[in-house]
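Numbering (our numbering), first residue to last: 15 to 245.
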């Protein structure tokens with residue numbers, strides 16, 4: 015696994031700094047590099063990245079819009095706590111959109127797309143074998159994003175990506191758990207099999223089953239950590 019700190023990454027001055035700072039902070043929050051409740055010191059972040067406070071402030075505003083950080087007038091900016099209600103809402107949005115994308119993808123599937131999905135499965139399995147969990151989640155997302163592309167409605171994925179940010183925080187924490195990764199691969203295989211048959215209803219059902227199973231595990235995880243006393 016790559017343990018490099020994203021805050022040590024060199025920024026590309028030819029690209030908008032706000033977007034790059036946003037990407038760095040978002041990755042740290044989603045992967046647990048900055049945990050729930052942790053303070054975000056804009057001045058310190060700006061110094062670490064070698065930028066002014068302006069792009070950092072703009073990035074924090076964007077993260078606030080996604081409910082990933084909370085800007086508090088008296089106590090400053092913190093990483094937002096995990097919120098069960100927000101995660102439940104994200105699941106409802108993702109389930110509706112991804113089930114629809116799977117349904118349409120089954121009608122448009124081609125051998126080339128099937129090969130692409132099969133390749134992603136292999137890359138996903140290889141990442142898990144290496145215990146490269148950040149890469150594994152990237153391949154997991156690539157599978158779902160590709161199904162959305164096949165559907166003919168690629169903008170679905172952008173909506174899903176924004177809405178699932180809260181889910182992703184749990185995914186990164188949960189993936190090392192025993193059996194979690196194997197279940198995901200098996201469920202993706204079921205979706206791929208339904209797509210290979212060109213069966214819209216079965217593809218939709220397989221996607222729903224996959225997301226519902228993942229959501230149930232996420233809620234179990236949340237119940238565990240939210241019931242633990244603070245350390």
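We put the beta carbon where it would ideally sit given N, CA and C, even for glycine. Here the structure is a predicted model, which means the values were calculated and not measured.
The way I'd put it, the segment 162 to 177 doesn't touch the segment 92 to 101; fewer than three beta-carbon pairs between them come closer than 8 Å. The beta carbons of residue 204 and residue 220 sit closer together than 8 Å.
Of the residues assessed, residue 191 falls on the exposed side of the cut-off, its CB having fewer than 16 other CB atoms within 10 angstroms.
The continuous beta strand (DSSP E) containing residue 84 extends over residues 83 to 86. When DSSP reads this structure, residue 53 sits in a beta bridge with 92. Judged by their CB atoms, residue 184 and residue 107 are not nearer to each other than the 8 Å cut-off. When 200, 114, 164 are compared, the shortest CA-CA separation from residue 126 is found for 164. Secondary structure at residue 112: helix, using DSSP grouped into helix, strand and coil. For residue 58, the closest alpha carbon among the candidates 77, 231, 69 is that of 69. For secondary structure counted as the alpha helix (DSSP H) over 4 or more consecutive residues, the segment 159 to 197 holds these complete runs in sequence order: 169 to 177, 179 to 188. With 16 or more neighbouring CB atoms inside 10 Å of its own CB, residue 116 falls in the buried class. Under the three-state reduction of DSSP output, residue 38 falls in the helix class.
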